[in-house]
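Structure record follows, encoded as structure tokens.
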Amino acid sequence: MTKPTSWNGDNQAMDNYNRSWPHSRSLLTTYGHTRTCQPLDNPEHLQTAPGTQVGNVNMLTRALYASIPPSVDATQAMRKEHFEQIVHEHCLNRASYWLTSPPPLVSGALLAASKSTIWALYLSAWLFQATDGSMHSTIISRCIDGLDKLGQEPGYEYHSNSSLNSTGGWLNTQVTVIFIKFTTIGCSSGYLALQKALPWIFRLVAIDPDLHIEHPAGDLVTSFSRILCAPRYEFQWFVMYDTIASLLLAVPPLMEYGYAGECDPTSHSLEWAHGIPFALFGVISQINSWRAGSRVASLNDWRTLERRVLGWQSQPDATEGKACVDDAVRLAIQEGWRHVTLIYMYMGICGVSSHDTRVQESIREIIRLGEAMDDLPIGVHILPHCVIVGLAAKYEKHRAIIHKKLLSFKGSRVWLFHGLEFARVLEHLWYGVGAGGAPVTWDDYVQSRRAVVPTI
215 MTKPTSWNGD NQAMDNYNRS WPHSRSLLTT YGHTRTCQPL DNPEHLQTAP
265 GTQVGNVNML TRALYASIPP SVDATQAMRK EHFEQIVHEH CLNRASYWLT
315 SPPPLVSGAL LAASKSTIWA LYLSAWLFQA TDGSMHSTII SRCIDGLDKL
365 GQEPGYEYHS NSSLNSTGGW LNTQVTVIFI KFTTIGCSSG YLALQKALPW
415 IFRLVAIDPD LHIEHPAGDL VTSFSRILCA PRYEFQWFVM YDTIASLLLA
465 VPPLMEYGYA GECDPTSHSL EWAHGIPFAL FGVISQINSW RAGSRVASLN
515 DWRTLERRVL GWQSQPDATE GKACVDDAVR LAIQEGWRHV TLIYMYMGIC
565 GVSSHDTRVQ ESIREIIRLG EAMDDLPIGV HILPHCVIVG LAAKYEKHRA
615 IIHKKLLSFK GSRVWLFHGL EFARVLEHLW YGVGAGGAPV TWDDYVQSRR
665 AVVPTI
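All residue numbers for the sequence shown refer to my numbering, where the first residue is 215 and numbers rise by one.
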């Protein structure tokens, strides 16, 4: 096993802005999209009970209107009906990327969200339209300023024990801001927001003894399985971004995780959002920790992880939400994650080059599986697959496929990240050490990411 080169973090502080909120109604347009989750687009459900998914979206849009900050004159900004239409269309557009409708835990959290969280969702509707090219740059700037205001850290009163609910409410808003910044602004902005949430995650984790495990050396670490299955969905979103950002951006995990213990996969309620099977997600996180030099995640034999990945079998969908895609597509996404995990293991732990036969076999399999999602909205979920295939691809035909796919992840067609920055990272790799199909290592990818996105 080959230890990676060291990673450097950036602890720069977030700038605070003080600009006005966007007001121009003329710059708002509704989304056009393909609706794939039947409970959301069936007209006969529009007047159903609030417990249904469309009922939830309708309730959310009404809550959005009611929660506009006092500084915004809603009557000048737009009519109530127009506001609800914009936000409703935005929610439906995002729902077209769900693998299933969110479980009650997530739906309930959205409906009980703080006003600042709901306002962040409204700003995201503006920004997604802006990134589609339908808004002026000054409006984009104002939306970003608004997000920065919402992301300002809690004041002194949040540090008292009586303010735990307030801290949880701020974190709820912050994970929404993290998502919006990663998907509309860029990796540096999103990652800085993720770092900003870390102290407050620590604060809530510290008061819950069920989330700790003791390392043999005597250190307390956060249990990966327990925090990912905790009832606070902001914990789950944080761990998801911490894990996937560590994989794709080649940065150390922000938290020190312990990997002892098991978790019921059905309690991991974010698979509807990203499609990563819990077992594979845990292996990716463990590789992240090993590459960061964690003493907790030391690997005496990487073959233990390999057997776990190769032995993983897809299970019938056990989530409570209704499926939005057919089983063939869902299974293709999951199987693709198996091969992403294998490539990361072979290159990230074993130190093999991209020309290793096992790596090339997984590349071919991921490309084959990706054909099941051509031209489908749900294809946004394979951005991580594309990045991993791209860094290891030695044939020009494979690189061309990946480059085109990454550039398609833009505007409103994004989920966890947009594709442009990753396309530029791969270009740097392909025209550098990987020129002409030459073998590359994982550390070569790390260096290319640092060269192209140096502010992380």
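Heads up, the beta-carbon is just placed ideally off N, CA and C, and yes, glycines get one too.
Between which residues of its own chain and residue i is the CB-CB distance below 7 Å, once the five residues before and five after are set aside?
i, result
"F452", "V389, A411, I415"
"H595", "H488, G489, I547, W629"
"I670", "D224, C401, S402, Y405, L463, V465"
"R522", "A493, V497"
"E258", "With a pLDDT of only 36 at E258, under the threshold of 50, the placement of this residue in the model should not be trusted, and no figure is reported."
Alpha carbon to alpha carbon, how far is residue j from residue i? Give it in angstroms, no decimals.
i, j, result
"T457", "V497", "10 Å"
"G565", "R505", "11 Å"
"G246", "R627", "Low confidence applies here, because G246 scores a pLDDT of 35, under 50, leaving its location unreliable and the question unanswered by this model."
"V601", "A637", "8 Å"
"G593", "A431", "44 Å"
"L335", "Y473", "34 Å"
"L556", "I563", "10 Å"
"L643", "E635", "13 Å"
"D515", "Y560", "13 Å"
"G383", "A607", "43 Å"
"M469", "V510", "12 Å"
"G475", "W526", "17 Å"
"L461", "V603", "13 Å"
"I421", "I353", "41 Å"
"L341", "L513", "43 Å"
"T289", "P413", "Any reading at T289 needs caution, since the residue's pLDDT is 46, under 50, leaving its predicted position unreliable; the model's value is listed next. The straight-line gap from Cα to Cα measures roughly 39 Å."
Sort the options by Cα distance to residue i and report the nearest one.
i, options, result
"Y405", "P445, V465, Q450", "V465"
"R613", "Q574, V391, K624", "Q574"
"L597", "I580, S330, G633, Y645", "G633"
"I577", "F438, S338, E610", "E610"
"V543", "I580, R446, L513", "I580"
"L361", "G646, W312, K395, L385", "K395"
"L408", "I354, M559, M454, G382", "M454"
"I441", "S499, I354, G648", "S499"
"L605", "D541, G648, G584", "G648"
"D657", "G651, A665, G650", "A665"
"V539", "W486, E520, G525", "W486"
"G584", "S567, L545, R572, T571", "L545"
"P653", "T571, L341, I399", "T571"
"L337", "L313, D422, T397, R417", "T397"
Go ahead and label residue i buried or exposed: buried means 16 or more other beta carbons lie within 10 angstroms of its beta carbon, across all protein chains shown.
i, result
"T655", "buried"
"D433", "exposed"
"Y645", "exposed"
"K363", "buried"
"H569", "exposed"
"A339", "buried"
"N270", "The pLDDT assigned to N270 is 49, lower than 50, so where the model puts this residue is not dependable, and the model offers no usable value."
"R356", "buried"
"K618", "exposed"
"P467", "buried"
"S528", "exposed"
Do residue j and residue i have their beta-carbon atoms positioned less than 9 Å apart in this structure?
i, j, result
"H426", "V419", "yes"
"V667", "C401", "yes"
"L640", "S662", "yes"
"Y181", "T518", "Nothing about residue 181 can be reported from this structure: the residues present for the chain run from 215 to 670 only."
"Y558", "I615", "no"
Grab me the residues of residue i's own chain with a C-beta within less than 6 Å of its C-beta, minus the 5 sequence neighbours each way, in chain order.
i, result
"W551", "I490, L494"
"H162", "Given that the chain is displayed from residue 215 to residue 670, the structure contains no residue 162 and the question cannot be resolved."
"D287", "With a pLDDT of 46 at D287, under the threshold of 50, the modelled position of this residue cannot be trusted; read the value that follows with caution. So no residue of the chain qualifies."
"A599", "Just to set this straight, residue 599 is His in the shown sequence, not Ala. Taken in chain order, the residues that qualify are G550, V554, I580."
"L524", "none"
"F393", "none"
"K624", "H632"
"S567", "P653, T655"
Suppose the cutoff is 8 Å on Cβ atoms and the five residues either side in sequence are ignored; what does the same chain contact list for residue i look like?
i, result
"Y659", "A464, L605, V639, L643"
"G651", "K608, Y609, E610"
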